[in-house]
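Chains as they are written, first to last, in the working numbering: chain D, -15 to 282; chain H, 692 to 888; chain S, 505 to 1121; chain C, 104 to 267.
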């Protein structure tokens, strides 16, 4: 029982540390690609500390509760995801619960932004939800392929099967699903080619328009956790998780650096282009992957 | 650049965090904004010092007034400055915000911007080059260290006078006063000033 | 004996309230609410009993039977609960309007009729109560004149077609088995030929499909729901649709029995697979049509059609988890859809409009209704702490594990469509800038807030402790011949993946408290009026600084060409061709007597001529 | 080519002085009343672009000079103007300066006339909205007039605002 409580505390803290480190790494890699020296790796930490000391403005009770709900949702998702051996809430609902608890984050920000009563926010949220609909189609096909391949909905079982039967990306159909997941990774993270919902130039950073001191700090932490969640999901489903957290971290680092290099060089899509792209190539790959897994299974 | 000295972080985290994470409002107020893109891109890279442009005043704590201030722009500058959260710092570029510069006798520019919003730092030069901007940033660090960058506290304490000057320059303002300006209305204060002259 | 008293109380009470209404409105209101509460208590008392009692023989020597088992009890308990809440809601909603006695009579009559359907033991009783329900619903839909009349007409034509099919099926059953008692029919039908079973299925399927708004027969629902008065549209979409579900359950599991149902058809074209496909199609298309709607109640009506698809999918998939998920989803849908319609009714009562483009910022003015709507849309989406999530989890789990991921895929994409239109609903009405004309909107009366509070509390309670309803549903499953689920208070435990809602709730609560403490650690935040918002340095123009029109504009442009309601156009094409046909007949019946006399004389002349020439007689 | 245009101008309008300046420029000076007619004539001759309307303040003659600058873009053979620029000048009195609008002929004249109204005080009859365009404050003497003393104005409005 004690180890479970220890894990309950440890895994969100680890996720936060890894997520914030990834944020700093992303800015550093982006700078180096653009021939700039770039900020120190701990710049996001400095920003968060500064934001916590800065006053802010609230537009009503839902404005506060929304951002709190969204961050709490992200923390709960982290509890469901295995990080190496650490997976506190493995037993109470598998991948489906992860999929549905991941709804807390966009819904929380949407509700708190809506109370902010600013048209930039509303446009940002409507784009965020349309983009969500866009990347959800291939993401669901990918998750269903993984679930039908392993005939289970608990992610811990998938990891344990992969431990001894080899990574699932090596088996032919799940390779297609893995590639399709990697293609939609920037959309899930909301980074450069797909940051239509928080575009600083067009809609002055969308849902973040009215976020000031501590709200922006919570929003940055939530973005870091979403970063961690989507990459951890990829590593667990396709790269076979890991026995101990260090190997798990190394795998995540590789996937993340590849993702950031893609995102650093692309201009931003328009929202129609983004959804058309998401519904074309990644969906085709994921669909073929699912059909083949279904054929093999039955 | 004492960013890596842990002792300073532990002793005064708020001050250190404010120093090394200055997010500037990307609001082009005058001709000086043409100097800001080279500052934030690969040629000079202000991000080394933690200075990045952000889209809205809500997320910012540094406001660069770049170049001359026309009467119409003053209305937007005051609105943006009031929407920023404390602690906030402002830096004036060039001589035009100081005393009107070469537009000293123009009917349509604001002469002493200091009368309307508090300014923490001035950079000389008609338009200062990126090196001068970095000198201003480092100068702002020292001001923050010595607690002299207190433009926002000055604005809060003597808000009545700032508000009065703003209404004298711009006439009726659509937005309500940021801080309570006491019961006496500011307009009849202006009659008193005019009668003294 | 006790079932009879139940029905007598229900129907007699309805009549009594109508008569008392002539004397004083207050007594009528009190009596209406009292009757519903009495019914709730009465049915709650009958938990766990299995009664079968024939109470009247005079009807062509066919015994009219009243029957109670776990399935009918589960439906019977939700009917008066939703009825009572919407009648409490309509106490202040209908106060100023005319013909309020007639309104209360019809509301109680609909409730009583639905109770009758659920308790009916034989098809004649079932049909009688079915007709009472259809006609009283028609009268209620066209209650507030104007466009409601057309909507009511559309509804009653389709439900009459359904009733006729039901009658045909019933008579053919009587002809072949000369008994209409459901249990006797169930035992007799196994011997019938599969062609005959298919015919019975078609007849009853059309009747229940129309009422349950399955895709080809759904066209009456959007008009009926948006024109009916708010409290009745809560009952209409909460419970009346579910009578079709009850009919399907009765037809597929009670009359035909589990083995026969699963064995019908073969391979890919087996009956339950076709019904699943129908359910999935019913999920996808209406959900994406709902995204385009700009009228709040029409949006909710389309969402009802979409959610009915989940229930059909759950029932038709044929495993115990799917059945439990389907029935639990019926129960959740009754709760949260009634909640959403009542909340929209409260908004409409105050702001006199349902147009999503001209509302906004009502969260400050109507906080209770806002929280209720929030709970409602969370349950509609299936956010983990609400009951909607548990039923969807059950359905998805069995869909995936039984090896049909594409059904699960379409259902999950339907969920994201639900997110889009439910966020649009709550954003356009409650969030954003408050328009000038609603600045001094009074709070909504308590009689409207009470049902919203009760329903949102129920949603959260059954979301965190799903064991309570799942226990009853499990007993329904076993009565149909499924092996029981391992149901506990916090969810479903099974080796292929357990669901533990208590863990999720405690995790979310813990994380929420931790984040709230961190939030309070930050510097204080000052609250600010809605005008003080970022507008690029300019002043925010009142009444113009709000984005709601065509909320998902990019999506509209992409999916609008695919989403014409083809079925509705097909039906209106039929209606117009019938209209043209009848006009052409008018030239024969020109309407003035002269023509008719001429026709008679010419016909007589013709007869005489034939007689003279051929002498046939 | 500009010769023929000069002849036709002189022949159709009596009191018009036409002078060809260097590199395809031509100046036409006319009385106020005939300005709309000349503009119509020039528009038919291919000058379909009204580049600018500006005014000059001749304070010693106590007159304003309103100048219409027209250019022609059509490169086809049929138009005589090719890339010829024409400046049409007319004089109006300084007291109570009002002039008829040319929005009917060149719709894009609307902002130019608003600007002249705001900065010179010339009011244009028939103009739909002569509301302020650029200036934030109200000026007793329009700022572009020569008798507007900008130093005195600055001293009155800005210098007496005390420092905080």
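A virtual CB, placed ideally from N, CA and C, is assigned to each residue, including glycine.
For residue i, the nearest candidate out of the options (CA to CA)
| i | options | result |
| --- | --- | --- |
| residue 118 of chain D | D/135, D/255, D/63, D/189 | D/255 |
| residue 778 of chain H | H/745, H/712, H/731, H/728 | H/712 |
| residue 106 of chain C | C/187, C/213, C/252, C/132 | C/187 |
| residue 892 of chain S | S/877, S/645, S/835, S/912 | S/835 |
| residue 191 of chain D | D/152, D/111, D/67, D/164 | D/111 |
| residue 275 of chain D | D/227, D/154, D/138, D/131 | D/131 |
| residue 874 of chain S | S/543, S/940, S/960 | S/960 |
| residue 839 of chain S | S/761, S/803, S/742 | S/742 |
| residue 1054 of chain S | S/514, S/861, S/938, S/1120 | S/861 |
| residue 232 of chain C | C/265, C/115, C/218 | C/218 |
| residue 759 of chain S | S/983, S/789, S/1084, S/1077 | S/983 |
| residue 145 of chain D | D/238, D/-11, D/84, D/222 | D/222 |
| residue 261 of chain D | D/26, D/228, D/238, D/171 | D/171 |
Residue i classed as buried or exposed, judged by whether at least 16 other C-beta atoms fall within 10 angstroms
| i | result |
| --- | --- |
| residue 148 of chain D | exposed |
| residue 828 of chain H | buried |
| residue 750 of chain H | buried |
| residue 216 of chain C | buried |
| residue 245 of chain D | exposed |
| residue 877 of chain H | Note that residue 877 of chain H has pLDDT 49, beneath the 50 cutoff, so the model's placement of it is unreliable and the number below is only indicative. Residue 877 of chain H is buried by the Cβ-count criterion. |
| residue 812 of chain S | buried |
| residue 530 of chain S | exposed |
| residue 724 of chain S | buried |
| residue 1124 of chain S | Chain S is shown from 505 up to 1121; residue 1124 of chain S falls before or after that span and cannot be answered. |
8 Å contact criterion, which residue i and residue j should meet: CB distance rounded
| i | j | result |
| --- | --- | --- |
| residue 819 of chain H | residue 842 of chain H | That pair is no contact at about 19 Å. |
| residue 175 of chain C | residue 160 of chain C | That belief does not hold up - the Cβ atoms of residue 175 of chain C and residue 160 of chain C are roughly 29 Å apart, past 8 Å. |
| residue 98 of chain D | residue 106 of chain D | 7 Å |
| residue 166 of chain C | residue 128 of chain C | Actually they do not touch by this definition, with Cβ atoms about 23 Å apart. |
| residue 121 of chain D | residue 263 of chain D | 6 Å |
| residue 894 of chain S | residue 988 of chain S | The pair is not a contact, with the Cβ atoms about 17 Å apart (cut-off 8 Å). |
| residue 617 of chain S | residue 633 of chain S | 5 Å |
Bridge partner(s) assigned by DSSP for residue i
| i | result |
| --- | --- |
| residue 193 of chain C | C/169 |
| residue 188 of chain C | C/128, C/174 |
| residue 1031 of chain S | D/42 |
| residue 549 of chain S | DSSP lists no partner for residue 549 of chain S. |
| residue 757 of chain S | Looking at the DSSP assignment, residue 757 of chain S forms no beta bridge with any residue, so it has no partner. |
| residue 833 of chain S | None; residue 833 of chain S has no bridge partner. |
| residue 812 of chain H | H/782 |
| residue 153 of chain C | C/173 |
| residue 626 of chain S | S/685 |
| residue 201 of chain C | C/226 |
| residue 558 of chain S | S/569 |
| residue 995 of chain S | S/992 |
| residue 120 of chain C | C/132 |
| residue 744 of chain H | H/715 |
| residue 753 of chain H | H/715, H/780 |
Open item on the list: Closer than 8 Å is the cut-off here; do at least three beta carbon pairs connect the stretch 761 to 768 of chain H with the stretch 793 to 806 of chain H?
Closed with: Touching, yes.
TODO: Kindly confirm or deny that the stretch 732 to 740 of chain H and the stretch 47 to 63 of chain D touch, where touching means at least three C-beta pairs closer than 8 Å.
DONE: no
Task: Any 3 or more C-beta pairs closer than 8 Å across the stretch 576 to 586 of chain S and the stretch 742 to 751 of chain S - done: yes
- [ ] Taking 8 Å as the threshold, find out whether the stretch 888 to 904 of chain S comes into contact with the stretch 993 to 1012 of chain S through three or more Cβ pairs.
- [x] Because the criterion of three Cβ pairs below 8 Å is met, the stretch 888 to 904 of chain S and the stretch 993 to 1012 of chain S touch.
Open item on the list: So, does the stretch 727 to 738 of chain S touch the stretch 849 to 861 of chain S, judging by three or more C-beta pairs under 8 Å?
Closed with: Touching, yes, given that three or more Cβ pairs across the two stretches are closer than 8 Å.
Open item on the list: I want to know whether the stretch 1059 to 1067 of chain S touches the stretch 790 to 798 of chain S - three or more CB-CB distances under 8 Å.
Closed with: Cβ pair count under 8 Å is three or more, so yes.
- [ ] Check whether the stretch 90 to 104 of chain D touches the stretch 919 to 931 of chain S, taking contact to mean three or more Cβ pairs, one atom from each stretch, closer than 8 Å.
- [x] The answer is yes - the stretch 919 to 931 of chain S touches the stretch 90 to 104 of chain D, with three or more Cβ pairs under 8 Å.
Task: Cβ contact check for the stretch 201 to 209 of chain C and the stretch 222 to 242 of chain C: 3 or more pairs under 8 Å - done: The count of Cβ pairs closer than 8 Å, one atom from the stretch 201 to 209 of chain C and one from the stretch 222 to 242 of chain C, reaches three, so the stretches are in contact.
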